[in-house]
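Numbering (the working numbering), first residue to last: 4 to 125.
Take a look at the structure:
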C-alpha cells in the first residue's frame, strides 16, 4: 500500500479513539480531503496524457498512411504520363520516318540521274 494511505488509516484509528471535534482532527480531515482531490486530479491528468499520446499516435499513423497513398498516386500518375508521352513519341517517330523515306525517294531519283550523267560524260 501507499505510505500516504497507511498514514490516513492510522490517523482514522487514532481519531476514533480521540475527540472528533478537536481542531487537529478537523485540520487532518481537510488534509485528507485535499489529498483525495490531488490524487483524483493526478489520475485525471494521467488519463488525459495517455489519451493525448494515443491520439498523437493515431494522427501520426494516419498521416503516414495518407503520405504513402499520395506517393503511390503520384507515382502512378507519373508513370501514366510517361507512358502517354512514349506512345506519342512512337507515333511521331513513324511520321518522321515516313517523311524521311519520302525525301529519300525524291532525292534518290535525282542522285541516280546525276550519277548517270557523270558516268555518261566520261
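We treat Cβ as the ideally placed atom computed from N, Cα and C, and that holds for glycine. Given the structure is predicted, the values throughout are model-derived calculations rather than measurements.
query	result
Inter-residue spacing [alpha-carbon to alpha-carbon] between residue 110 and residue 103	10 Å
Anticipated Cβ contact below 8 Å, residue 6 with residue 35, distance rounded	Not confirmed; about 14 Å, so no contact.
N- and C-terminal bounds of the alpha helix (DSSP H) containing residue 97	26–124
Cutoff 8 Å; reference residue 44; Cβ partners in own chain excluding five residues on either side	none
Inter-residue spacing [alpha-carbon to alpha-carbon] between residue 31 and residue 8	13 Å
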